[in-house]
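Notes to accompany the following structure.
There are 2 protein chains.
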Amino acid sequence: MKARPTLQDVSRLARVSTATVSRVLNEPDRVRSDTRAQVEAAIAELGYAPHFGARALASNRTSTIGAIIPTMENAIFARGIQALQEELAGAAYTLLVATSSYDADREFQQIQSLIGRGVDGLVLIGEDRDASVYQMLQERAVPFVLVWAWRADAAYPSIGFDNRASAVEIADHVLDLGHRRVGMIAGLTDGNDRARLRVAGVRDAMAARGMLLRDDQLIEAPYTMADGAVAAHQLLAMRDRPTALICGNDVLAVGALAAARDLGLSVPDQVSVTGFDNIELSGAVTPALTTVHVPHRRMGQTAGARLLAHCRAGEALTGAAFKTHIVERESVGPPPR
Amino acid sequence: MKARPTLQDVSRLARVSTATVSRVLNEPDRVRSDTRAQVEAAIAELGYAPHFGARALASNRTSTIGAIIPTMENAIFARGIQALQEELAGAAYTLLVATSSYDADREFQQIQSLIGRGVDGLVLIGEDRDASVYQMLQERAVPFVLVWAWRADAAYPSIGFDNRASAVEIADHVLDLGHRRVGMIAGLTDGNDRARLRVAGVRDAMAARGMLLRDDQLIEAPYTMADGAVAAHQLLAMRDRPTALICGNDVLAVGALAAARDLGLSVPDQVSVTGFDNIELSGAVTPALTTVHVPHRRMGQTAGARLLAHCRAGEALTGAAFKTHIVERESVGPPPR
DNA sequence: AGGGTAAATGCAAGCGCTTACAATTGGCAT
DNA sequence: ATGCCAATTGTAAGCGCTTGCATTTACCCT
Numbered sequence: 001m002k003a004r005p006t007l008q009d010v011s012r013l014a015r016v017s018t019a020t021v022s023r024v025l026n027e028p029d030r031v032r033s034d035t036r037a038q039v040e041a042a043i044a045e046l047g048y049a050p051h052f053g054a055r056a057l058a059s060n061r062t063s064t065i066g067a068i069i070p071t072m073e074n075a076i077f078a079r080g081i082q083a084l085q086e087e088l089a090g091a092a093y094t095l096l097v098a099t100s101s102y103d104a105d106r107e108f109q110q111i112q113s114l115i116g117r118g119v120d121g122l123v124l125i126g127e128d129r130d131a132s133v134y135q136m137l138q139e140r141a142v143p144f145v146l147v148w149a150w151r152a153d154a155a156y157p158s159i160g161f162d163n164r165a166s167a168v169e170i171a172d173h174v175l176d177l178g179h180r181r182v183g184m185i186a187g188l189t190d191g192n193d194r195a196r197l198r199v200a201g202v203r204d205a206m207a208a209r210g211m212l213l214r215d216d217q218l219i220e221a222p223y224t225m226a227d228g229a230v231a232a233h234q235l236l237a238m239r240d241r242p243t244a245l246i247c248g249n250d251v252l253a254v255g256a257l258a259a260a261r262d263l264g265l266s267v268p269d270q271v272s273v274t275g276f277d278n279i280e281l282s283g284a285v286t287p288a289l290t291t292v293h294v295p296h297r298r299m300g301q302t303a304g305a306r307l308l309a310h311c312r313a314g315e316a317l318t319g320a321a322f323k324t325h326i327v328e329r330e331s332v333g334p335p336p337r
Numbered sequence: 338m339k340a341r342p343t344l345q346d347v348s349r350l351a352r353v354s355t356a357t358v359s360r361v362l363n364e365p366d367r368v369r370s371d372t373r374a375q376v377e378a379a380i381a382e383l384g385y386a387p388h389f390g391a392r393a394l395a396s397n398r399t400s401t402i403g404a405i406i407p408t409m410e411n412a413i414f415a416r417g418i419q420a421l422q423e424e425l426a427g428a429a430y431t432l433l434v435a436t437s438s439y440d441a442d443r444e445f446q447q448i449q450s451l452i453g454r455g456v457d458g459l460v461l462i463g464e465d466r467d468a469s470v471y472q473m474l475q476e477r478a479v480p481f482v483l484v485w486a487w488r489a490d491a492a493y494p495s496i497g498f499d500n501r502a503s504a505v506e507i508a509d510h511v512l513d514l515g516h517r518r519v520g521m522i523a524g525l526t527d528g529n530d531r532a533r534l535r536v537a538g539v540r541d542a543m544a545a546r547g548m549l550l551r552d553d554q555l556i557e558a559p560y561t562m563a564d565g566a567v568a569a570h571q572l573l574a575m576r577d578r579p580t581a582l583i584c585g586n587d588v589l590a591v592g593a594l595a596a597a598r599d600l601g602l603s604v605p606d607q608v609s610v611t612g613f614d615n616i617e618l619s620g621a622v623t624p625a626l627t628t629v630h631v632p633h634r635r636m637g638q639t640a641g642a643r644l645l646a647h648c649r650a651g652e653a654l655t656g657a658a659f660k661t662h663i664v665e666r667e668s669v670g671p672p673p674r
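Chains as they are written, first to last, in my numbering: chain V, 1 to 337; chain L, 338 to 674.
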């Protein structure tokens, strides 16, 4: 077990000062090419790799961006994270991904942990979080952007789309077809603005037609197919069975599809089902899911680009609004009869 | 912009030495409870969080385990990673996840980067990698385990299952039903032992029956549904059309399902399709996929447990073999006629 | 050759934390 | 009270790297 070589070992081998070695690593053109070659040879011979912690400590920067997503269990955030990572990699920045399991406390811990790790910036999902969190972020002067959220009057740089407006759109789509009895399976809205605003959007669309989403027509469910199926069962067992199920996300919608199949109900003939997010899964199920496409990759990429511009060029962090659009597939049709 | 509070700030506020603060953070019972309370109050008041790099530098450990997976784009590794993370969290260890995009060089970079970050251990997927990588790992004395792989004569601690044997099993399942014309859609086998061994297993099963997998009956495809669909189209267009498509993983299998639907072929009546991995998706598609269930969570959990035992108790790293089993769903039936 | 300037390199002071070791304190038996 | 031991707490030396400043070197002009 050889000890890990240090900058000093390298400097000794190359017969230069540690400062020079450090320069070779960080600003190569500030050292003469023959010294540089010498140093590089020593580095190679020793298999030297800088100690990240020491560097972070000394320089107070890490070339690292942190992102905290609710979960990795399903593909919701995967594409966006991938795009973010690609964007950062292009600038030799590293992405640290942590998960909160949709838990506010856990998210806070992870934020702390990432700050402790010295991230130069943070990407957070959505905007619902305790004011104290934002306060801490600002006191610590940690640059951050919010993704998957956007409002005209957002208090923080948000890169995303208008969840509420998009929900109105998909609800309109359903309502325009003539559906009058609808049920909604929403994600857990507590501390989750995406879920909350999507419900609000559906309510808006219904209200615009003088309709109302009754309490028993709305079920909140955790983020799994099984929970979506349970909720759908419950909704579809009602005396005035809904002719359309509007789901807060694709995973729940796929669960709803399964429930309909269990009950022998044909989709979309007897009941229509809509999703939200357009994850890969949605196109693979039968019937393929009509859903709202959200700009996964563009959000990730833009978040990365903005953060980089801020960290390297000092540009102010600003938000960005993207559009969503409905992807019409096979799970929606006019109401029966 | 307040500067980040340091241990010293806390010690000052609490009127104790920095050593004491450090102790309440690391070995709470070594400090008297009233001093501890005092320090904790100061920590809370300042919103202090330790500087990770400084700690790593001073203590030479990070309580961090790194994992490098090929991709986050699909759910293949998600469950295992989640389980790993949970296991580690229980011991106050942090998981750093990096992705290699199925690229050996990129994986090597990521290993370097994680080592530079001072991870106490590493979790790697599969065993196919350059000897120099293993050599480096050993020179640096970085503890690591391999998951998703297992062989009786494995050179390194492997926690997984026998891909080849499992492939034999699923192939037998298909062959036992009477299929004689089979096609295989494999993942890219280059540098990917899982994909390679699964092909080998299918060949074994066929050989045991005096059959042979012809070159034109085997197509390798990248890890996407679309690629699976393309490959399936090609296979199903052959004059002696296969009656069964054995796929190297579920994503490809779902693509194959879509291709069959495109071609108006009923699954499993006209063509059977099998998957491998049993990701959540497999149960949601229609027809539901018959596939090989692999112990995602147990692998992740065990990998974490072994690494922890090694880091904390010095236990030697050993491998573990798990069993897979076939999940019979709806995509496999006897050959037509 | 001498002088001046810019480029290249070295010096050394930390960055925030852990930890061996030293100093102090408290409790208890004598 | 006195003495002793164990429990607490403090002191201070780094951990490996970056970086402002000082020093040396190289090069060009006169």
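No residue lacks a Cβ here, since even glycine has one placed at the ideal position from N, Cα and C.
Using the Cβ count rule (16 or more neighbours within 10 Å means buried), how would you classify residue i?
{"i": "R546 of chain L", "result": "exposed"}
{"i": "L549 of chain L", "result": "exposed"}
{"i": "P365 of chain L", "result": "exposed"}
{"i": "R551 of chain L", "result": "exposed"}
{"i": "Q8 of chain V", "result": "exposed"}
{"i": "H310 of chain L", "result": "Outside the shown range of chain L (338 to 674) lies residue 310 of chain L, about which nothing can therefore be said."}
{"i": "A412 of chain L", "result": "buried"}
{"i": "M338 of chain L", "result": "Only weak support is given to the placement of M338 of chain L: the predicted model assigns it a pLDDT of 48, under 50, and the value that follows is read from those uncertain coordinates. When all chains shown are included, M338 of chain L counts as exposed."}
{"i": "G275 of chain V", "result": "buried"}
{"i": "Q472 of chain L", "result": "exposed"}
{"i": "N615 of chain L", "result": "buried"}
{"i": "G427 of chain L", "result": "exposed"}
{"i": "Q475 of chain L", "result": "exposed"}
{"i": "R533 of chain L", "result": "buried"}
{"i": "R369 of chain L", "result": "exposed"}
{"i": "H647 of chain L", "result": "buried"}
{"i": "R643 of chain L", "result": "buried"}
Report the option in the options whose CA atom is closest to the CA atom of residue i.
{"i": "D216 of chain V", "options": "V:G201, V:R181, V:R306", "result": "V:R181"}
{"i": "I496 of chain L", "options": "L:H388, L:I380, L:L459, L:G612", "result": "L:L459"}
{"i": "P70 of chain V", "options": "V:Y93, V:E87, V:A54, V:A104", "result": "V:A104"}
{"i": "G455 of chain L", "options": "V:A98, V:R298, V:E107, V:A49", "result": "V:A49"}
{"i": "R312 of chain V", "options": "V:V39, V:A260, V:T62, V:V31", "result": "V:T62"}
{"i": "R535 of chain L", "options": "L:T355, L:G463, L:I418", "result": "L:G463"}
{"i": "D465 of chain L", "options": "L:A492, L:Y430, L:N529, L:P480", "result": "L:N529"}
{"i": "E382 of chain L", "options": "L:A391, L:R341, L:R369", "result": "L:R341"}
For the beta strand (DSSP E) that contains residue i, what are its first and last residues?
{"i": "E557 of chain L", "result": "555-558"}
{"i": "I69 of chain V", "result": "64-69"}
{"i": "A563 of chain L", "result": "Per DSSP, A563 of chain L belongs to no beta strand (DSSP E); it is in the alpha helix (DSSP H), 562-573."}
{"i": "G160 of chain V", "result": "158-160"}
{"i": "T623 of chain L", "result": "No beta strand (DSSP E) contains T623 of chain L, which DSSP labels as neither H nor E."}
Residue i versus chain L: which residues are under 9 Å apart at the beta carbon?
{"i": "M225 of chain V", "result": "E617, G620, A621"}
{"i": "N192 of chain V", "result": "In chain order: nothing, as chain L lies at least about 19 Å away."}
{"i": "F276 of chain V", "result": "Residues of chain L passing the Cβ test: none, with the nearest at roughly 16 Å."}
{"i": "A42 of chain V", "result": "Chain L residues near A42 of chain V: none, gap ~17 Å exceeds 9 Å."}
Mind listing the chain V neighbours of residue i? Cutoff is C-beta to C-beta under 7 Å, in chain order.
{"i": "R341 of chain L", "result": "R140"}
What residue does the alpha helix (DSSP H) around residue i start on, and which one ends it?
{"i": "I448 of chain L", "result": "441-453"}
{"i": "A420 of chain L", "result": "415-426"}
{"i": "V588 of chain L", "result": "587-599"}
{"i": "A19 of chain V", "result": "18-26"}
{"i": "S132 of chain V", "result": "131-139"}
{"i": "M543 of chain L", "result": "530-544"}
Which chain L residues are close to residue i, counting only those with a beta carbon under 8 Å from its beta carbon?
{"i": "R298 of chain V", "result": "Simply none; closest approach about 16 Å."}
{"i": "A258 of chain V", "result": "A621"}
{"i": "V254 of chain V", "result": "A621"}
Output, in chain order, the set of chain L residues within a Cβ distance shorter than 7 Å of residue i.
{"i": "I115 of chain V", "result": "A386"}
{"i": "L96 of chain V", "result": "L433"}
Run through chain V and tell me which residues come within less than 9 Å of residue i, C-beta to C-beta.
{"i": "R666 of chain L", "result": "The premise fails here: R666 of chain L is roughly 13 Å from chain V at the closest Cβ pair, so nothing lies under 9 Å."}
List, in chain order, every chain V residue whose beta-carbon is nearer than 8 Å to that of residue i.
{"i": "R416 of chain L", "result": "E73"}
Touch test, the segment 279-294 of chain V against the segment 160-170 of chain V, Cβ-Cβ under 8 Å, three pairs minimum: yes
Between the segment 563-575 of chain L and the segment 593-604 of chain L, are three or more C-beta pairs nearer than 8 Å? yes
Please confirm if the segment 573-592 of chain L is in contact with the segment 652-664 of chain L, defined as three or more CB-CB distances below 8 Å between the two stretches. no
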